[in-house]
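First comes the structure, then the notes that go with it.
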Amino acid sequence: TESAMKKDNETFLEEEKERLMGDAEQEIAEIRLSATQGTTLTMEQVMSMQERYAQQSAQLAHIALHVQCLQAENEKLNENIGALTTAHKTETETQKSRNLLVFRQYKDYHEDMRRETNTRYEQLVASCVQDAIFLSSKNAELAEENTELKKKLKHYTM
1083 TESAMKKDNE TFLEEEKERL MGDAEQEIAE IRLSATQGTT LTMEQVMSMQ ERYAQQSAQL
1143 AHIALHVQCL QAENEKLNEN IGALTTAHKT ETETQKSRNL LVFRQYKDYH EDMRRETNTR
1203 YEQLVASCVQ DAIFLSSKNA ELAEENTELK KKLKHYTM
């Protein structure tokens, strides 16, 4: 959009320059025609033309200074935009890095919690298996002892 605006402005300025140059050439041609036809200008007309020339020269100088000021402002604004763009990119990258760091820390924390929980469950399962083996073994011993006691009891009751 900036280059399109610049192109449009350049086109407009070139068209205006051509129009103004055409107007000036026509006025000069009219003055020369008057001079060739033997028409002489009065002192008033000459003074009027000189005053107009002086005014236009002053206006032209003012416009040239105005253009220089606008160009300087434009350059400064472009520098500021460049600096702001750079600062924005830097801040965006910094924020992205911070977000990734926080995400990694969050992920690592939950991964550690998952491992810790898995370790606790594995230990609990191992303990349960050991208890089950122990209880099964104890149950078998007691069942055998119970069988022997029943035999003894049968032997005494007979």
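Per our numbering, numbering through the sequence shown is continuous, rising by one, with the last residue being 1240.
Ideal placement from N, C-alpha and C gives every residue a C-beta, glycine not left out.
Which class does residue i belong to by DSSP, given the choice of helix, strand or coil?
| i | result |
| --- | --- |
| Q1241 | Nothing can be reported for residue 1241, as the shown portion of the chain is limited to 1083 through 1240. |
| T1120 | The question names Thr, but residue 1120 in the sequence shown is Gly. Three-state DSSP puts G1120 in coil, outside helix and strand. |
| T1229 | helix |
| T1083 | coil |
Give every residue of the same chain whose Cβ lies closer than 6 Å to the Cβ of residue i, excluding the five residues on either side of it in the sequence, and list them in chain order.
| i | result |
| --- | --- |
| F1216 | none |
| K1099 | none |
Sorry if obvious, but does the Cβ on residue i come closer than 7 Å to a heavy atom of the ligand ATP?
| i | result |
| --- | --- |
| E1155 | For the structure depicted, the ligand ATP is absent and the ligand set is empty, with no information on it obtainable. |
With a threshold of 7 Å on Cβ separation, who are the neighbours of residue i within its own chain once the five nearest residues in sequence on each side are excluded?
| i | result |
| --- | --- |
| H1237 | none |
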